[in-house]
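Step one of this worksheet: look at the structure below.
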Amino acid sequence: MTYSPVRRTASAATALLSAVVFAGCTMLTPAPKDLDFSTSRSGERGIYRATIQPDASPIPLHRIHSWTVELKDVAGRPVDAAHIEVDGDMPQHRHGLPTRPRVTEALGDGRYRVEGLKFHMRGWWTVSFKVDAPAGNDEITFNLMLR
Ligand SMILES: [Cu+2]
586 MTYSPVRRTA SAATALLSAV VFAGCTMLTP APKDLDFSTS RSGERGIYRA TIQPDASPIP
646 LHRIHSWTVE LKDVAGRPVD AAHIEVDGDM PQHRHGLPTR PRVTEALGDG RYRVEGLKFH
706 MRGWWTVSFK VDAPAGNDEI TFNLMLR
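Counting the sequence shown from 1 gives a position; this note's numbering is that position plus 585.
The following block contains the structure:
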């Protein structure tokens, strides 16, 4: 068999690439030990409090699903007519969600339907809601552990 430098280079590159991908997804800096996994949390600025209710329990892996998020002000009154942006991250991996979830419906009573959530890896995720409503802007972040 003849020696083929081109093929050897290509397979070395493939091996290197898969090593990088592998490292990116498995060699973790440990997650903070004091993570708060509450499903009800206050925003960074303390203007709102949100409660998440995923449609499935436990939260599914590799499957697109929906959540309901309930938004209240500090006095506990439901906040309707908020503009909410949804985003997700794996802080240890520096990547986000494979989908672009969004609020598709205001259900009334401060409740909103969020569609298009999908988690494609096990581990620590954050999901944040950027809220824009008359009382002010705030961001509420939840921690999840997908198993
Ligand atoms: Cu990841």
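Where is the CB? At the ideal position from N, CA and C, for every residue including glycine.
Once you ignore the five residues that flank H647 on each side, which residues in its own chain have a CB closer than 8 Å to its CB?
K703, F704 and H705
Thinking C-alpha only, which one of D640, K657 and D658 is nearest H650?
D640
Please say whether E724 and R630 have beta carbons closer to each other than 9 Å?
yes
For S627 and Q677, what's the separation of their Cα atoms in angstroms?
23 Å
Sequence-distant residues of the same chain with beta carbon closer than 6 Å to E655, five excluded per side
T636, G695 and R696
Taking the alpha-carbon positions, what's the W709 to K715 distance?
20 Å
Since I believe Y633 is in contact with D665 (beta carbons under 8 Å), could you give me their beta-carbon distance rounded to a whole number of angstroms?
Not quite, the Cβ-Cβ distance comes to about 12 Å (not below 8 Å), so this is no contact.
Run through the DSSP bridge pairs and tell me what I538 is partnered with.
As shown, the chain starts at 586 and ends at 732. That puts residue 538 outside it, with no answer to give.
Mark M675 as exposed unless 16 or more other C-beta atoms lie within 10 angstroms of its C-beta, in which case mark it buried.
buried
What do you reckon, are the CB atoms on L731 and F622 nearer than 9 Å?
no
In chain order, what residues of the same chain lie with their CB nearer than 6 Å to the CB of E670, ignoring the 5 residues before and after it?
K715
What did DSSP end up calling A657 once you bin it into helix, strand or coil?
Ala is not the amino acid found at residue 657; the sequence shown has Lys there. Looking at K657 - three-state DSSP - the assignment turns out to be strand.
D575, DSSP secondary structure in three states:
The chain is shown from 586 up to 732; residue 575 falls before or after that span and cannot be answered.
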